[in-house]
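A.B. asks: Handing you this structure, nothing more for now.
In our numbering, the protein residues as written are 1 to 357.
Below is the structure:
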């Protein structure tokens with residue numbers, strides 16, 4: 001990848017040195033020029049021999065010559081006070097240097113279509129679906145906990161909730177910025193790079209270690225996507241090459257549309273619990289898959305998990321599918337909110353399940 005040429009102008013020399021040093025020390029892919037004097041900066045810009053991809057300037061450094069230049073990404077460094085100028089993209093200068101750099105690179109990527117500056121790519125991504133026709137069997141808990149275990153093993157995982165009513169909003173909390181609303185809108189808008197919106201909105205959750213995008217502002221927004229668009233959205237996550245795993249968490253509805261969506265998964269974790277009603281539902285689901293020849297490929301992806309298993313108690317059988325792994329009853333998984341605050345215990349509990357992914 002060709003070097004990205006960045007000009008940063010700010011009258012605060014201490015701030016300027018700090019941000020420039022971070023960029024230079026953490027990435028060799030940038031050529032950074034910094035200025036505290038406006039006239040010197042303008043002279044540099046006017047020299048056509050100097051290629052500039054991004055210019056980021058604070059109050060006191062703006063000028064009409066900057067606006068008239070052909071620099072793709074023009075960024076105003078805000079100190080938090082109001083700034084209204086549609087000619088600039090506004091970035092808060094007083095944030096972590098990593099976040100600052102990511103934000104100005106995202107602006108550049110969106111202005112130029114150069115997704116390669118913010119997307120690593122190159123990873124072979126597996127899509128793991130989490131689906132069960134049984135409510136309350138611990139499907140989402142297993143998805144979240146397994147994401148933590150794999151993240152702790154150094155894998156890059158993103159959790160994607162595709163339930164009609166998102167069940168993790170009150171469990172997982174990340175930064176307030178960035179939601180699936182932006183991603184859904186990009187999916188519905190012709191010509192928008194959905195991959196860039198995924199990268200712009202994702203965050204790595206502290207302690208837990210996996211990637212996550214905050215839920216949409218309204219649960220109804222996902223209903224605006226067709227089944228084909230949901231399939232395409234999952235493929236957008238996969239084709240980024242950013243993640244080792246995409247965990248797609250589906251609700252329990254079984255329909256032709258849901259079968260289409262599940263079909264894009266490489267593997268499907270299908271948990272059930274030992275209660276007789278849950279066993280009956282899982283048997284009915286397995287029987288349904290076996291009845292239809294066109295569902296054979298989907299059936300082959302299913303990994304049946306007995307969750308909340310009690311040692312020494314008779315194990316229920318699902319005739320059409322062997323039980324691939326057992327997850328014992330655990331207070332850590334029973335209260336997932338508390339469990340996520342000390343996730344180091346998940347690995348032992350979920351070792352058998354995670355090894356199947």
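The beta carbon of each residue, even a glycine, is placed where N, CA and C say it ideally should be.
Keep in mind the model is a prediction, meaning the values are calculated, not measured.
Do residue 221 and residue 255 come within 7 Å of each other at the CB atom, strictly closer than that value?
C.D. replies: no
A.B. asks: When the Cβ atoms of the stretch 73-80 are set against those of the stretch 88-108, are three or more pairs found closer than 8 Å?
C.D. replies: yes
A.B. asks: Which partner residues of residue 214 appear in the DSSP bridge assignment?
C.D. replies: BP columns for residue 214 point to 179.
A.B. asks: Pick out whichever of 26, 138, 228 and 14 has its Cα sitting closest to the Cα of residue 188.
C.D. replies: 228
A.B. asks: Starting from residue 139, follow the beta strand (DSSP E) in both directions and report where the run begins and ends.
C.D. replies: No beta strand (DSSP E) contains residue 139, which is instead part of the alpha helix (DSSP H) from 139-152.
A.B. asks: Residue 107 and residue 145 - do their beta-carbons sit closer together than 7 Å?
C.D. replies: no
A.B. asks: Quick check: the Cα distance between residue 42 and residue 58, rounded to an integer number of angstroms?
C.D. replies: Rounded to whole angstroms, residue 42 to residue 58 spans 14 Å at the Cα level.
A.B. asks: Taking C-alpha atoms, which residue in 279, 272, 276 and 295 lies nearest to residue 327?
C.D. replies: 272
A.B. asks: Taking the beta strand (DSSP E) that residue 245 belongs to, which residues open and close that run?
C.D. replies: 245-249
A.B. asks: Is it the case that the stretch 112-126 contacts the stretch 7-24, given that we only count it when at least three CB pairs across the two stretches are under 8 Å?
C.D. replies: No contact exists between the stretch 7-24 and the stretch 112-126.
A.B. asks: Buried or exposed for residue 344, please, with buried defined as at least 16 other CB atoms from any protein chain shown within 10 angstroms of its CB.
C.D. replies: Looking at its Cβ environment, which holds fewer than 16 other Cβ atoms inside 10 Å, residue 344 is exposed.
A.B. asks: Between the alpha carbons of residue 4 and residue 70, how many angstroms are there, rounded?
C.D. replies: Computed Cα separation, rounded: 15 Å.
A.B. asks: Extract the residue ranges of the alpha helix (DSSP H) inside the stretch 220-279, only unbroken runs of 4 or more that lie entirely within it.
C.D. replies: 227-239 and 256-262
A.B. asks: Rounded to whole angstroms, what's the CA-CA distance from residue 31 to residue 19? Just pull it up for me.
C.D. replies: 13 Å
A.B. asks: To which residues does DSSP link residue 74 through a beta bridge?
C.D. replies: 55
A.B. asks: Determine the direct distance from the alpha carbon of residue 212 to that of residue 159, and round the result to whole angstroms.
C.D. replies: 6 Å
A.B. asks: Taking the DSSP output, what are the residues bridged to residue 47?
C.D. replies: In the DSSP output, where bridge partners are listed per residue, residue 47 has none listed.
A.B. asks: Could you give the DSSP three-state label for residue 296: helix, strand or coil?
C.D. replies: helix
A.B. asks: Assuming residue 193 and residue 249 form a contact by the criterion Cβ under 8 Å, report the distance between their Cβ atoms to the nearest whole angstrom.
C.D. replies: Rounded, the Cβ-Cβ distance is 24 Å, inconsistent with contact.
A.B. asks: Only counting the same chain, and skipping five residues up and downstream in sequence, which positions put a Cβ closer than 6 Å to that of residue 233?
C.D. replies: 187
A.B. asks: Can you give me the Cβ contacts of residue 115 inside the same chain, cut-off strictly under 7 Å, excluding the 5 residues immediately before and after it?
C.D. replies: 109, 193, 195 and 196
A.B. asks: Give every residue of the same chain whose Cβ lies closer than 8 Å to the Cβ of residue 298, excluding the five residues on either side of it in the sequence, and list them in chain order.
C.D. replies: 259, 262, 263, 268 and 289
A.B. asks: How far does the alpha helix (DSSP H) with residue 360 in it reach, from first residue to last?
C.D. replies: No information on residue 360 is available, as it lies outside the stretch 1 to 357 that the chain covers here.
A.B. asks: Would you tell me roughly how many angstroms separate the C-alpha atoms of residue 246 and residue 153, rounded to the nearest one?
C.D. replies: 15 Å
A.B. asks: What would DSSP say about residue 306, mapped onto helix, strand or coil?
C.D. replies: strand
A.B. asks: Check the C-beta distance from residue 354 over to residue 324 and give it rounded, since I have them as a contact under 8 Å.
C.D. replies: That pair is no contact at about 12 Å.
A.B. asks: Name, in chain order, the residues that DSSP records as bridge partners for residue 340.
C.D. replies: Note: residue 340 sits in no beta bridge, so no partner.
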